[in-house]
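*Asks:*
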């Protein structure tokens, strides 16, 4: 299990790096081709394919180019079986504070993100991150 945990942590680091740099090539390394993206912010839910999601990321100005301070945090990694895991994490892409839940599958001898479900709060709003305080569990 130690190797599995290490592999998942490396995948999540690529996820954080891909988002911070708006690096589609990195994100394509970790998202399964059939993965789905779900925003739980709006009603109705926004559900996108990876190609639709990558197009959004490509159009962003990267936080790295704006010299934004990174605030990446893995809150929990639950290894449910030899082939499934769930990661909850938080990150900031100004002006938003994101709460992500990633479902991972072990397929083709490696871990992939098969779904990304997230919510966000605007930084500086009265309803900010302290309301969703999380404990880190490994």
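Numbering (the numbering used here), first residue to last: 59 to 196.
Note that CB positions come from ideal geometry on N, CA and C, so glycine has one too.
1) Can you look up residue 136 in the DSSP assignment and give me helix, strand or coil?
2) Identify the residues that DSSP records as bridge partners of residue 161: which are they?
3) For a quick check, are the C-beta atoms of residue 139 and residue 160 less than 9 Å apart?
4) Taking the alpha-carbon positions, what's the residue 146 to residue 175 distance?
5) Would you tell me roughly how many angstroms separate the C-alpha atoms of residue 84 and residue 171, rounded to the nearest one?
6) Please report how far the alpha carbon of residue 86 lies from the alpha carbon of residue 155, in whole angstroms.
7) Express the C-alpha separation of residue 102 and residue 163 in angstroms, rounding to a whole number.
8) Within 10 Å of its beta-carbon, does residue 66 have 16 or more other beta-carbons around it, so buried, or fewer, so exposed?
9) Which residue spans inside the stretch 77-128 form an unbroken beta strand (DSSP E) run of at least 3?
10) Quick check on the burial criterion: 16 or more other C-beta atoms within 10 angstroms. Buried or exposed for residue 153?
11) Tell me, please, which residues DSSP counts as bridged to residue 180.
12) Would you mind giving the Cβ-Cβ distance between residue 82 and residue 112, rounded to the nearest angstrom? I have them listed as a contact below 8 Å.
13) Within its chain, find whatever has a CB closer than 6 Å to the CB of residue 108; leave out the 5 residues flanking it on each side and keep chain order.
*Replies:* Here's the rundown:
1) Residue 136 sits at position 78 when you count from the first residue of the chain shown. Of the three classes helix, strand and coil, the one that applies to residue 136 here is strand, per DSSP.
2) By one-based count along the chain shown, residue 161 stands at place 103. Bridge partners of residue 161: 144 and 173.
3) Looking up residue 139 in the chain shown gives position 81. Looking up residue 160 in the chain shown gives position 102. No, these two residues do not count as a Cβ contact at 9 Å.
4) By one-based count along the chain shown, residue 146 stands at place 88. By one-based count along the chain shown, residue 175 stands at place 117. C-alpha separation (whole angstroms): 10 Å.
5) Counting from 1 along the chain shown, the entry for residue 84 is found at position 26. Counting from 1 along the chain shown, the entry for residue 171 is found at position 113. Approximately 12 Å between the Cα atoms of the pair.
6) Locating residue 86 in the chain shown gives position 28, where the first residue counts as 1. Locating residue 155 in the chain shown gives position 97, where the first residue counts as 1. Cα to Cα, the separation comes out at about 23 Å.
7) Along the chain shown, one-based indexing puts residue 163 at 105. Along the chain shown, one-based indexing puts residue 102 at 44. Those two C-alpha atoms are separated by around 27 Å.
8) Sequence index remark: in the chain shown, residue 66 carries index 8 (1-based). Flag for residue 66 reads buried.
9) 89-97 and 104-107
10) In the chain shown, the residue the question calls residue 153 occupies position 95. Classification for residue 153: exposed.
11) Along the chain shown, one-based indexing puts residue 180 at 122. Answer is 154, bridged to residue 180.
12) Mapped onto the chain shown, residue 82 falls at position 24. Mapped onto the chain shown, residue 112 falls at position 54. Rounded, the Cβ-Cβ distance is 5 Å, consistent with contact.
13) The residue given as residue 108 occupies position 50 in the chain shown. 89 and 93, listed in sequence order.
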